[in-house]
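**Student:** The structure's right below; bear with me while I get my questions together.
Number of protein chains: 4
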Amino acid sequence: MASIGRTKLPSAAAAAALAFEAPRLAERYRQVRTATAALCAPLSAEDFVVQSMPDASPAKWHLAHTTWFWEEFVLQHAADRYEFHDKAFRYLFNSYYNTVGPMHSRPSRGLLSRPTVSEVMAYRTRVDERMATLLSGGRISDALARVVTLGLNHEQQHQELLLTDLKHLFSCNPLLPAYIQHAPAAPRAAPTLSYRTFDGGLVEIGHSGADFCFDNELPRHRVYVASFHIATRAVTNSEFLEFVRDGGYETAAHWLSDGWATVQREGWARPIYWTQSLDREFSLTGLRELNPHAPVCHVSCYEADAFARWANARLPTEFEWEIAAAAAPQAGNFVENQHWHPLPAAHPAPASDAGLPPLLQMFGDVWEWTQSAYAPYPGYRPVSGALGEYNGKFMVNQLVLRGGSCATPRSHIRSTYRNFFNPAARWQFSGVRLARDDISR
Amino acid sequence: MASIGRTKLPSAAAAAALAFEAPRLAERYRQVRTATAALCAPLSAEDFVVQSMPDASPAKWHLAHTTWFWEEFVLQHAADRYEFHDKAFRYLFNSYYNTVGPMHSRPSRGLLSRPTVSEVMAYRTRVDERMATLLSGGRISDALARVVTLGLNHEQQHQELLLTDLKHLFSCNPLLPAYIQHAPAAPRAAPTLSYRTFDGGLVEIGHSGADFCFDNELPRHRVYVASFHIATRAVTNSEFLEFVRDGGYETAAHWLSDGWATVQREGWARPIYWTQSLDREFSLTGLRELNPHAPVCHVSCYEADAFARWANARLPTEFEWEIAAAAAPQAGNFVENQHWHPLPAAHPAPASDAGLPPLLQMFGDVWEWTQSAYAPYPGYRPVSGALGEYNGKFMVNQLVLRGGSCATPRSHIRSTYRNFFNPAARWQFSGVRLARDDISR
Amino acid sequence: MASIGRTKLPSAAAAAALAFEAPRLAERYRQVRTATAALCAPLSAEDFVVQSMPDASPAKWHLAHTTWFWEEFVLQHAADRYEFHDKAFRYLFNSYYNTVGPMHSRPSRGLLSRPTVSEVMAYRTRVDERMATLLSGGRISDALARVVTLGLNHEQQHQELLLTDLKHLFSCNPLLPAYIQHAPAAPRAAPTLSYRTFDGGLVEIGHSGADFCFDNELPRHRVYVASFHIATRAVTNSEFLEFVRDGGYETAAHWLSDGWATVQREGWARPIYWTQSLDREFSLTGLRELNPHAPVCHVSCYEADAFARWANARLPTEFEWEIAAAAAPQAGNFVENQHWHPLPAAHPAPASDAGLPPLLQMFGDVWEWTQSAYAPYPGYRPVSGALGEYNGKFMVNQLVLRGGSCATPRSHIRSTYRNFFNPAARWQFSGVRLARDDISR
Amino acid sequence: MASIGRTKLPSAAAAAALAFEAPRLAERYRQVRTATAALCAPLSAEDFVVQSMPDASPAKWHLAHTTWFWEEFVLQHAADRYEFHDKAFRYLFNSYYNTVGPMHSRPSRGLLSRPTVSEVMAYRTRVDERMATLLSGGRISDALARVVTLGLNHEQQHQELLLTDLKHLFSCNPLLPAYIQHAPAAPRAAPTLSYRTFDGGLVEIGHSGADFCFDNELPRHRVYVASFHIATRAVTNSEFLEFVRDGGYETAAHWLSDGWATVQREGWARPIYWTQSLDREFSLTGLRELNPHAPVCHVSCYEADAFARWANARLPTEFEWEIAAAAAPQAGNFVENQHWHPLPAAHPAPASDAGLPPLLQMFGDVWEWTQSAYAPYPGYRPVSGALGEYNGKFMVNQLVLRGGSCATPRSHIRSTYRNFFNPAARWQFSGVRLARDDISR
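First to last, the protein sequences are chains A, B, C and D. First residue of the first sequence? That's 169 in the working numbering, and the numbers climb one at a time after it. First residue of the second sequence? That's 169 in the working numbering, and the numbers climb one at a time after it. First residue of the third sequence? That's 169 in the working numbering, and the numbers climb one at a time after it. First residue of the fourth sequence? That's 169 in the working numbering, and the numbers climb one at a time after it.
And the structure:
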C-alpha cells in the first residue's frame, strides 16, 4: 500500500474524517457501483456502443473507464503483483491520464464494438469482487479511504455524463427514442422572478471542513466581493422563449464575439433540444411539450450570457453564487428523484430569513453557468501523481457551473462544488440564473 | 403490379429467360437472404452498430437496407394498399435514391443504436414472409422476375460490403478482433509472373445473352483495342513488398499527381492492413503472417498504378481485361470457399490453349483495378424510375475494377461485370494485375 | 547542349519541321513573351500578389514561373556553368516538377509579397536577354527548337490562366473591379440550336503531322465511334437560364451523384459569376447585363452534365468532338479579339457542306466539356525527364475540354488539343455543347 | 455633434482633463497619424496586400481601417450631411462593429487588391484634412476630445498589430525578407533572475485619475490578493532553450490539456520564430542569432504556462502584475527605440527601494502573459453605442497580457493596461514573467 501514499490526495484535513470503518466504505462503494449499473437498465446492447460526437462517450466506455479507475489507482497498488483483468484495457479505457500511459484517442471511443457489453460487465463484476475483498478487511488506511472516496465521486460524475451522452445520442436518431418511459410532472406555475441582495465584503471561498472535496475547491481563501443581486430562481422556458421570439439569436449586440461566431457557424436558433416549432423539447423521456414553467435547459454559456444581456442582467460570478448558496437549503431535484428533467420551481414556504425572498433551485434541476473562468484558487496545488491530472490541467478555456442538476446524484453536490465546461457546450443540463450589480452602493 | 412496369429493367433481352417458374425464384430468394444472415453469425450485437468511416456502413444498416429494397421496389407495388413495416424505415434505410424520397445522411448511419439488431431481424423476417407469399403464386410476371433478380444481385453486393466494412471496423480496434476463426491455407508458392499477348482489333464489349446483368454492362458495343500483354496472375505480397522496400511510397515519380497528394496527406507508407513491421497483415481471421505468395490486397488504385509504373508496366483497360477474361475459366476463390482472404495462385495444369500461358486468378481472390474511368457505354440508358439511380449517377470520379474477390459470391460475378470505386479507396479486396503495350506491332 | 538531349520531346516526327531558322524562333519567343506582359498592363502592383483560392495563382507567380521554365529547361542546359538569376527562385517558382526538386506549396503562392513585381519583371528581362542570345546563333538544334516550342506553348497556357485567375480574384472583391474597360459587343441573336449527324466507324484520333503538339495528343490511334448527333453551337445563357428557372439546381435527378453533393455542400444555385438576380454576370470588363444569346460560361462539368440531362441530351465524348471539329473552320473568338468574353454565335453563311448545318463556335468563346475522362491514349509515353510530369501524372479525376476559349491565344489551339480540369472546376471559360445518340442506327 | 453625445465614453472622470485646447489635440492627431505612415515606409506596394493568416490583417487594411474609424465615429457626426470618401469603404474597412453595419469577412481581407495602396493613402490624406479642420476650431467639446483620444489610442494599437502582422507575413516567405535593416544591439548579459515579494491584502485595481484609459480598465475596484513573489525580469531565450532541450515540448505533464492538444495538432516544438537548429530566430530585421540574454518572445500562453510549470513556478495574475508594476518605472524598450526586438534587461542601478531587488522590463520588450482570464471588472459597463463593442464582447476565451512590448508606442501603455489574446496566439511580442506563491504566510 505504500505506493498509494505517493498519491497525495485532495483534502489533507479530510483525512481524519475519512478514517472509515471499512464496512461503511464498502457499503458506499456497493451503492455507487450499483447506481451506475442501474442507469443502464433501460439500454439495449446497441445503445452502449455509439459515440454521437467527440465530446461524448459511449455508455460502455463509461462503464469500463470507471472500472479502470479502480484497477489503476487502487487495486494495482494494493497487491504485491497485481494481475490486470486485461492489459489492453489499461490503454483502451484511460481517459486523459498521460502520466499513467498512452491511451486510445477520445474521438475513436465509438469504434470499439469489442469488448462487448457483457465482457465489460464481467470486468465490472471482477473488479467489484476484488474491491469488496480489499474493503472488507476491518479498518483501512486513510490513504486508501481517500482514493476510494475520490473514485466514488469520479464514478458519480460519470453517472451524470452517461445520461447526458445518452440523451445526445438519442437526439441524433430520427426515431427520437426515449431513454425511459416517465410521465411529465403535473403542471405547476413557477413563482415570479425576483432578486435577493447580498452585501459585499471580504468572504471566504472554497471548501472547509473534513468532508471530501475535489482539489479544485481548495484552498479556502479570501475574496473581496462587491454587493450584488441574485435571482431567486432559474430562468424558465417561457422567459427564454421570449428571448428567442424577440430575435435573440439574430441580434449580434446580445452576444459575446465568440458566441456570435458560433451562432453563425452552427446555425443556432434555439436551445439544442427544442423543436423548430418552439413548442416541444426532446428529453430523456422522449419528445414532450415544452413546459413554460420549467427551467430552460441545455443552453451554452454563450446563450446564457446573451439572454442575460438581453434581460438587462448578467451571469453571477462563481463567488457570488457560492455566497448565495450558503443561504439556500441543499435540496432539490436530483437524479434520485427520477424525473429525468428539470422541474418548475416550487412555491416557497412563507418567508423565512426575516422576509428575504428565498432562493429556489440553487441545487439540482440545472447547472448554473457563472461568468467565472475556471481558474486555480490562489495557492492551488493539484494532488501529486497521476490524479493531479484530474482537474488542474483543464483550467483554461472553461467556465464554472454550479449547483448540480436533475442528473446529478444528491450526495455528489455541495455549495463549493465547481463544475466546468467550454462556453459552447450545450449537451449538459445547464441553465441560467441571473444576477445584477448593486448600483445603490 | 402495373406500377412495377414503370421500372424498365436492365436487360430487355433477358425478359424471356427470366420467365421463372416462381418456385425457382422463391428458392433463389431464400438462398440469398439466408446467406446474408449467415455472414452475421459471428457478430455480437455491438458489432452491428458501429460505422468506422463515412464510406462504410454498419452491418445492421446493410441488413435493413437490403430489406428496405424489397419493400420499396417490390412489395409496395404488388399490393393495393401496402402497409410498410415501419414508415420511418423508408427514410432511415434509403441509401441514395433521391427519387424515392429524402434519406438519413450517410455519415450518420452509425448513430442509429435503434432500431436494435433484433428489431431489424424481425423486419427481415416479416419482409421475407411477404416475399415468400408473393413468389409462391405460380408463374410470375417478367417484370416482377426482373426486379427480384436485380434485388438479389443488390443483396449480394451488400454481402461483400458487409465483410469489407466489418474488416475495416475491426482493424480500427486496438484489440484487432477476428471476424471469424480460420486457419490460413497451407503455404503454396505462386507460379512465376509472365505475360500473355492478345491481338488487337475490333471487339464486342459488354453483356450479351439472356442472363441477368446490371445496366452498366450494356449495351454491348464495338471497341477497337490495340494488341496488348496481360499478366498471368495477380501481383503478390512479396512483389509489392519489393516496391515498398525500394522507397515506392517516397518517390513522387511513380505516382499520379492526386495519388502523391494522397500519400502525403494521409501518410500512406504501405497497404492499409499491413503492420508497420511489414511482416503481418490484418485479415478477417485476425492478424496473420504476410503470405509472400498471396496477392497483395487492399491497395487503392493510386497504389496499384504507382506499383505498375515502378514495375515498368501499366494497369489494363477494362476492355483488355474483358477480352482476356473470355479466355479464362470463371472459377476462383470466392466467398463460398470461406477462406476470407485471397490465396496464392495455383500452379496450372499442363499448358492448355495451344501452349499459351494460362491466365490465373482472373476471377475471385482480389478485384483488379483497371485504368478505365467508370463511364457509360455508348448508347447507355439507365433503367427508368428510381432504379435508374443504381449505377448511372456514379459515372464520374471512379475507376473500374473487374473479376470479383474472395468476398464475392460466386454466382454474382461474370466477365462483363463492372465494379467501381474512387481511386483512393483501399478497404475493398482490391489488388493488381499488370499489363503492357505490345510495342512489337 | 547534350543534357537537353535527355529530355526526349513530344513529337518525334515533328523534329524536322522544327528545324527552324533561329531568327524565326527568336521572333516567336519575343511575341509570346510580349503577349504575356501585355496582359498585365491593366494591373496595379497589388493585383499581382493575391491568390484568391488554392486552384488559382497570383499574376506575379505566373510571370515568374513561365520565366523559371526557361532557366530550368533551356538555359541551364545550354551553358557550361549556368548561373541562375536567383537560386531561391528555383524553389519558389517550380510548379509541380518533383523531378526538378522541392517546391513552394501551391496554396501558399499568395504569401509571397517578395520578390516584388519589379523584381520579377527584372527577372523576365534578364532571362529574355539570355534567351535572345541563345536563339540568335544561326541554325539551332532540333532538341532546342522542340523544348523552346514547348516552352512557348506552356507560356500561352499561363496567359489564359492569368486571365481566369484574375477574373476570379476580382470577383471576390466587393468592389467588383474590371480587369479592363471594354464595351460589350452589339447585341446579336444566336442562330437556332440544331444537331448535325456524323456517321460512326473506325476513326483516327490524335495529332498527326509535323507541327507541335503536347504528348497527351499522341499517339494517333484508332477508335471505334458509333454514329452521333452534335449541336451546331454552344448552349446560350438564355437556355441555361431556363434550366435554372426550372429548378435545375434543386432537382437531384439531373445530377451525377458527386455533382449533387457539390451543389448541396457549396450552395450552388447558378453559374459562378451570375448575380443572384439572374440578370447580370461578372466579366473581365466588370459587371454587365447577362447577354441571353452569348454562350453560358464558367460552368463546371457537373453543371454542364446536369443541364444536358435536363435537356434530354448528353455531353459529347472527346472523340465525337474531335471528329466534328475536323468539319469546322479553326476560327473563332480568341484572346486576340480582345472581347474578353464569349460572343453569341454568328449566323453562318449560306449552307455549305452540301446543306449540312454548319458547326459554329467549335473553336474559341468557351471550352467545351466532354464526358471523356482524361486518360492516356493507347501507347502513350510521357516525354522522358522532368517534362514528362507535364501531362501524364494528371490523368485521373479530370475530364477533357476541347476547343479553346475567348481567353486562349489563337495560335495555341487545334482540333486534337486536350485541356482537362476537375469536374467541379468553374473558374475557366468553360461552357456546354450538347450531343445525342443516333438511335436511328 | 449631438449624436456623438450618444457615445458615452470610457472615463467619465477623464472629461475635465480632456478639455484640450484644440491645437494640442490636433498636434497629437498629426503625430499619431504620421507615426502610422512612418511604419509603412520600408514596404513595397505588394507587402501591403497579403493576409498571412485569418488572425492577421494586411497593412493596407490597417491603414484603411484606422481611417474608417475617424469617418465613422467622428466626422460623420460632426457635419450635418457628411459625405463619405467612398461608401464602399464603410463595409470594407469595418472590423467587427456589428452595430455600425455589415462588414467584409475577416479572413477575406487579403483578397482586396483594390483599393490600391495609393488610393488608401489618398483616403488617409482626405480624412486627415477633414480632421485637421475639425480640430482647428479653438476649444472643442469634451465629447469630441474623448472620442478623438480613443481613436488615437485605437490607431496606436493598430501600429503594433501592423508590425506583428508584417513579421508573420515575412516569416511565411522562404526568402525571409527583413522588414527593416538594423544591427542587433551590442551583447549584454542579463542580470540573474530573482524574485521580489509583495505582501497580500486588499488593493485597488484598475485605472484612476483623469487620463485616458480603455473601458476595460474600469471601474477601479477592490481585490483581495495574497502575498506573492514575482520575478525581477522576463524569462530569457537561454532559459527557455533549456526547457526545449529538456524535452519540454514532448512532456504532457507540463502542459494544460488544451495546450498539449495544440502542441500535438500543430507540431509545435519551439517558439514560432526560432529555427529548427535552435540557434537563430526570425525578427523584423531578418534572421539573426538567438541572443541568449534577450527575453524569449512570441510564445503562446500555453508555452508560457508550460515553461512556468517546468520551472516550478507559475504565471502571475493580472492583479499581482499590476501591484508589482506600481513599484516599477514606466520606462522600457518601446517602438520609438527602433530596436524592433526585445533587448536583454539592463543591470539595475545600485539597489533602490530599501534594498529590494528592482523589477526590470515590466514595461516594453515583451507583453507578459498572466494567468488571468480576460473578464469584466465588477461593475464594468461598456461605453454605449457602437464603441461599446470595442472591448466588452471579447471577454471570454482570452487571457490578459500586461506591460507592452518593443512594438508598443511608449505613450500608449500604463500599469493598468489590459491587452488580451487567445492562449494559443504566438505572433504577438509575448513573453514570460514568472511568479510564485508565498508559502511562508
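Ideal Cβ placement from N, Cα and C applies to all residues, glycine included. Since the structure is predicted, the reported quantities are computational estimates derived from the model, not experimental observations.
Measure the C-alpha to C-alpha separation of A/L343 and A/S212 and round it to an integer number of angstroms.
**Tutor:** 15 Å
**Student:** Report yes or no: is there a C-beta of chain D within less than 9 Å of the C-beta of A/S468?
**Tutor:** no
**Student:** May I have the straight-line CA-CA distance separating C/M221 from C/L329, to the nearest angstrom?
**Tutor:** 13 Å
**Student:** Would you check if there are 3 or more beta carbon pairs closer than 8 Å linking the region 562-570 of chain C to the region 357-368 of chain C?
**Tutor:** no
**Student:** 9 Å is my cut-off, CB to CB: does B/G427 come that close to chain C?
**Tutor:** yes
**Student:** Helix or strand or just coil, what does DSSP make of D/G134?
**Tutor:** Past the boundaries of the shown model lies residue 134 of chain D; chain D is included only from 169 to 609, so the question cannot be answered.
**Student:** Where does B/Q539 sit, in a helix, a strand or coil, going by DSSP?
**Tutor:** strand
**Student:** Can you name the residues that DSSP bridges to A/P463?
**Tutor:** A/T404
**Student:** Among the residues of its own chain, which have a CB less than 8 Å from the CB of A/G368, if the five just before and after it don't count?
**Tutor:** Closer than 8 Å at the Cβ level, and outside the excluded window around A/G368, lie Y392, V393, A394, S395, F396, D606, R609.
**Student:** Per DSSP, which one or two residues make a beta bridge with A/R610?
**Tutor:** Residue 610 of chain A cannot be examined here, being either before or after the span of chain A that is shown, 169 to 609.
**Student:** Name, please, each residue of chain C whose Cβ falls closer than 7 Å to the Cβ of B/N266.
**Tutor:** By Cβ distance, chain C contributes A420, A421.
**Student:** According to DSSP, is C/A187 helix, strand or coil?
**Tutor:** For C/A187, the predicted model reports a pLDDT of 46, less than 50, meaning its position is unreliable and no value from the coordinates is stated.
**Student:** With a 10 Å radius around its C-beta and 16 neighbouring C-beta atoms as the bar for buried, classify A/D333 as buried or exposed.
**Tutor:** With a threshold of 16 other beta carbon atoms within 10 Å, A/D333 meets it and is buried.
**Student:** Tell me whether D/K255 is buried or exposed, calling it buried when 16 or more other Cβ atoms sit within 10 Å of its Cβ.
**Tutor:** exposed
**Student:** Give a yes or no on whether the minimum CB-CB distance between B/Y558 and chain C is below 9 Å.
**Tutor:** no
**Student:** Using beta carbons (cut-off 9 Å, strictly below), is B/V391 in contact with chain C?
**Tutor:** yes
**Student:** Are the C-beta atoms of C/D383 and some chain B residue less than 9 Å apart?
**Tutor:** Not an interface residue.
**Student:** Tell me, please, whether the region 379-386 of chain A touches the region 422-439 of chain A by the rule of three or more beta-carbon pairs shorter than 8 Å.
**Tutor:** no
**Student:** For A/G547, which option in D/D473, D/A603, D/A496, D/A514 has the closest C-alpha, if you only look at C-alpha atoms?
**Tutor:** With distances taken between Cα atoms, A/G547 lies closest to D/A603.
**Student:** Is C/E372 helix, strand or coil when you go by DSSP?
**Tutor:** strand
**Student:** B/H397 bridges to which residues according to DSSP?
**Tutor:** B/T365, B/R604
**Student:** Exposed or buried, which one is A/E486 when buried takes at least 16 other CB atoms within 10 Å?
**Tutor:** buried
**Student:** From the DSSP output, which residues share a beta bridge with D/W442?
**Tutor:** D/E449
**Student:** When the Cα of A/G454 is compared with those of A/N321, A/H272, A/A346, which residue comes out closest?
**Tutor:** A/A346
**Student:** Reducing DSSP to helix, strand and coil, say where A/S276 ends up.
**Tutor:** helix
**Student:** Could you have a look at C/H389 and say whether DSSP puts it in helix, strand or coil?
**Tutor:** strand
**Student:** Return the chain-ordered list of same chain residues with a C-beta closer than 6 Å to the C-beta of D/S263, the five sequence neighbours on each side being excluded.
**Tutor:** H233
**Student:** Rounded to whole angstroms, what is the Cα-Cα separation between A/H272 and D/S552?
**Tutor:** 50 Å
**Student:** Assign C/G377 to one of two classes, buried (16 or more other C-beta atoms within 10 Å of its C-beta) or exposed (fewer than that).
**Tutor:** exposed
**Student:** Note down, in chain order, each residue of its chain lying with its Cβ closer than 8 Å to the Cβ of A/L280, except the 5 sequence neighbours on either side.
**Tutor:** So the list reads V217, P226, K228, W229, L260, H272, once near-sequence residues are dropped.
**Student:** Under a Cβ-count criterion, where at least 16 other Cβ atoms within 10 Å of its own Cβ denotes burial, should C/E471 be classed as buried or exposed?
**Tutor:** buried
**Student:** I'd like to confirm something about B/S273: is its beta-carbon nearer than 8 Å to some heavy atom of the ligand GTP, or not?
**Tutor:** Ligands are entirely absent from the displayed structure, and the ligand GTP is therefore not among its contents.
**Student:** Tell me the residue span of the beta strand (DSSP E) that contains A/F241.
**Tutor:** No beta strand (DSSP E) contains A/F241, which DSSP labels as neither H nor E.
**Student:** Tell me whether D/F597 sits in a helix, a strand or coil according to DSSP, three-state version.
**Tutor:** coil
**Student:** With 8 Å as the limit, tell me which residues of the region 200-223 of chain D have their beta carbon closer than that to any beta carbon of chain C; keep them in chain order.
**Tutor:** S212, A213, E214, D215, F216, V217, V218, S220
**Student:** Please confirm if D/P525 has its CB atom under 9 Å from at least one CB of chain A.
**Tutor:** no
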